[in-house]
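Residue numbers (the working numbering): 10 to 305.
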């Protein structure tokens with residue numbers, strides 16, 4: 010099959026598991042589509058696929074950068090397109106999986122970036138957090154807090170010292186793709202997100218976050234993911250652990266809502282309701298849909 014399978018959806022909905030199952034069925038290799046999972050040593054909070062979960066399926070663009078290094082959507086576009094070509098060259102199926110919509114769209118659509126004009130990923134930040142950053146730079150700004158596009162554009166201009174990329178929105182696909190989205194009810198999703206944070210704690214989130222905190226590294230790699238910076242007030246004895254964990258859960262729920270909005274507005278997605286009790290039923294449903302779509 011010479012088409013690309015793209016698996017998207019909000020955090021905590023089962024994208025990783027689906028990608029492994031489809032890779033086995035379509036002789037695929039997986040390309041990470043999450044902006045935070047490119048960094049080494051950021052494993053638990055980013056929900057990075059484990060060695061066991063990979064089931065010997067080859068993965069691309071995981072653990073390729075140190076947390077002290079910068080990595081932008083421009084870099085991802087370049088590296089991701091090379092990964093696609095490499096996978097297609099050996100007659101395997103590229104499967105892109107992740108929740109960072111900007112990265113995935115820049116990879117697959119006709120986005121043109123100049124190296125000095127790089128757009129950063131702000132998807133894990135709320136409007137309030139972006140606005141606060143701008144006020145620190147320009148207290149007299151007249152940008153409205155609800156105008157997210159202008160908030161991001163301002164920050165890009167400031168951080169990259171180049172001209173703003175204008176008219177960069179495009180709907181021209183460069184590859185033949187099948188877009189699969191996983192979804193569930195808001196109530197179920199939020200419950201899964203809350204439980205997932207508790208599981209992360211049991212898996213060693215506090216230890217991972219404390220190691221980062223003690224390193225005094227505060228690069229974009231550290232401040233972008235949800236789950237590290239939110240624990241810093243606990244280590245500084247400014248908040249209780251319960252307060253910090255609730256902050257992580259709340260931000261994760263809000264992020265999931267923004268992911269839905271982004272994907273629905275930016276891409277034509279074939280959405281599937283996940284059966285969490287019998288996940289194989291969801292896998293088989295999507296497998297049959299893809300087979301029918303490509304005459305596999």
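Note that CB positions come from ideal geometry on N, CA and C, so glycine has one too.
Every value quoted in this text rests on a predicted model; they were computed, and no experiment measured them.
Rounded Cβ spacing between residue 80 and residue 180 (contact assumed at less than 8 Å): Counting from 1 along the chain shown, the entry for residue 80 is found at position 71. Counting from 1 along the chain shown, the entry for residue 180 is found at position 171. In fact, because the Cβ distance is near 26 Å, the residues do not count as touching under 8 Å.
- Query: residue 242 by DSSP, collapsed to three states: which one?
  - Reply: Within the chain shown, residue 242 is the residue found at index 233, counting from 1. Correct three-state label for residue 242: helix.
Query raised in the report: Going by DSSP, which residues form a beta bridge with residue 191?
Result: Within the chain shown, residue 191 is the residue found at index 182, counting from 1. In the DSSP output, where bridge partners are listed per residue, residue 191 has 281.
Q: Quick one: using the 10 Å Cβ neighbour count with 16 as the cut-off for buried, is residue 208 buried or exposed?
A: Here the question's residue 208 lines up with position 199 in the chain shown. So residue 208 counts as exposed.
task: Whole angstroms is fine: what's the gap from residue 182's alpha carbon to residue 132's?
output: Translated into the one-based positions of the chain shown, residue 182 becomes position 173. Translated into the one-based positions of the chain shown, residue 132 becomes position 123. Distance between the alpha carbons of residue 182 and residue 132: 22 Å.
> Near residue 279, which residues of its chain fall below 8 Å by C-beta distance, leaving aside the five closest residues on each side in sequence?
Replying inline: Taking the first residue of the chain shown as position 1, residue 279 is located at position 270. Only 187, 188, 189, 190 and 298 meet the Cβ criterion.
So, for residue 73: in the same chain, excluding its five sequence neighbours on each side, which residues have a beta-carbon less than 7 Å away from its beta-carbon?
The residue labelled residue 73 in the question sits at position 64 within the chain shown. Closer than 7 Å at Cβ, skipping near neighbours: 47.
Out of curiosity, what's the CA-to-CA distance linking residue 134 and residue 243? Translated into positions along the chain shown, residue 134 becomes position 125. Translated into positions along the chain shown, residue 243 becomes position 234. Cα to Cα, residue 134 sits roughly 20 Å from residue 243.
Does residue 292 come out as helix, strand or coil in the three-state DSSP assignment?
Mapped onto the chain shown, residue 292 falls at position 283. Helix.
Coarse secondary structure for residue 89, derived from DSSP in three states
On the chain shown, position 80 is the one that residue 89 refers to. If DSSP states are grouped into helix, strand and coil, residue 89 belongs with the helices.
For this session: Flag this pair as touching only if the region 85-101 and the region 18-31 have three or more C-beta atom pairs under 8 Å; answer yes or no.
Result: no
- Query: Taking only runs of the beta strand (DSSP E) that begin and end inside the region 127-155, which ones reach a length of at least 3 residues, in chain order?
  - Reply: none
For this session: Count the C-beta pairs between the region 98-110 and the region 36-55 that are closer than 8 Å, then say yes if the count reaches three, no if not.
Result: yes
**Asked** Going straight from the alpha carbon of residue 10 to that of residue 283, what length do you get?
**Response** One-based indexing of the chain shown puts residue 10 at position 1. One-based indexing of the chain shown puts residue 283 at position 274. When rounded, the distance between both Cα atoms is 25 Å.
What's the C-alpha gap between residue 155 and residue 139? Start at 1 with the first residue of the chain shown, and residue 155 comes out as number 146. Start at 1 with the first residue of the chain shown, and residue 139 comes out as number 130. Answer to the nearest angstrom: the Cα atoms are 10 Å apart.
Open item on the list: Helix, strand or coil, according to DSSP, for residue 236 in the structure here?
Closed with: Working through the chain shown from its first residue, we reach residue 236 at position 227. Correct three-state label for residue 236: coil.
*asked:* Quick check on residue 285: buried or exposed, where buried means 16 or more other Cβ atoms within 10 Å of its Cβ?
replied: Sequence index remark: in the chain shown, residue 285 carries index 276 (1-based). With fewer than 16 Cβ atoms within 10 Å of its Cβ, residue 285 is classed as exposed.
- request: From the DSSP output, in three-state form, read off residue 181 for me.
  value: Against the chain shown, residue 181 aligns to sequence position 172. DSSP places residue 181 in coil when its eight states are reduced to three.
Burial state of residue 305 (16 or more Cβ within 10 Å): In the chain shown, counting from the first residue as 1, residue 305 sits at position 296. Residue 305 should be labelled exposed.
* Is residue 98 buried or exposed, if buried means 16 or more other CB atoms sit within 10 Å of its CB? -> For this step, residue 98 is matched to residue 89 along the chain shown. Burial call: exposed.
Determine the direct distance from the alpha carbon of residue 296 to that of residue 31, and round the result to whole angstroms. Taking the first residue of the chain shown as position 1, residue 31 is located at position 22. Taking the first residue of the chain shown as position 1, residue 296 is located at position 287. If you take the alpha carbons of residue 31 and residue 296, they lie about 7 Å apart.
Of the residues 260, 44 and 35, the one placed nearest residue 230, counting alpha carbons only: Along the chain shown, read from residue 1 onward, the residue named residue 230 stands at position 221. Among 260, 44 and 35, the Cα nearest to that of residue 230 belongs to 44.
Distance check for residue 275 and residue 20, CA to CA, integer angstroms please. Along the chain shown, one-based indexing puts residue 20 at 11. Along the chain shown, one-based indexing puts residue 275 at 266. Those two C-alpha atoms are separated by around 18 Å.
Task: Residue burial classification, residue 153 (beta-carbon count within 10 angstroms, cutoff 16) - done: Along the chain shown, read from residue 1 onward, the residue named residue 153 stands at position 144. Classification of residue 153: exposed, given that the 10 Å Cβ count is below 16.
Helix, strand or coil, according to DSSP, for residue 102 in the structure here? If you number the chain shown from 1, residue 102 lands on position 93. Strand.
Shortest alpha-carbon distance to residue 253 belongs to which of 232, 53, 198 and 215?
-> Position 244 of the chain shown, counting from 1, holds the residue named residue 253. The shortest C-alpha separation from residue 253 is found at 215.
- Which of the three DSSP states, helix, strand or coil, is assigned to residue 120? Working through the chain shown from its first residue, we reach residue 120 at position 111. Of the three classes helix, strand and coil, the one that applies to residue 120 here is coil, per DSSP.
Determine the contact status of residue 109 and residue 234, defining contact as a CB-CB distance below 7 Å.
For the purposes of this step, residue 109 is taken as residue 100 along the chain shown, with counting starting at 1. For the purposes of this step, residue 234 is taken as residue 225 along the chain shown, with counting starting at 1. In this structure, residue 234 does not lie closer than 7 Å to residue 109 by Cβ.
Please name the residue or residues paired with residue 15 in a DSSP beta bridge.
The residue given as residue 15 occupies position 6 in the chain shown. According to DSSP, residue 15 bridges with 105 and 188.
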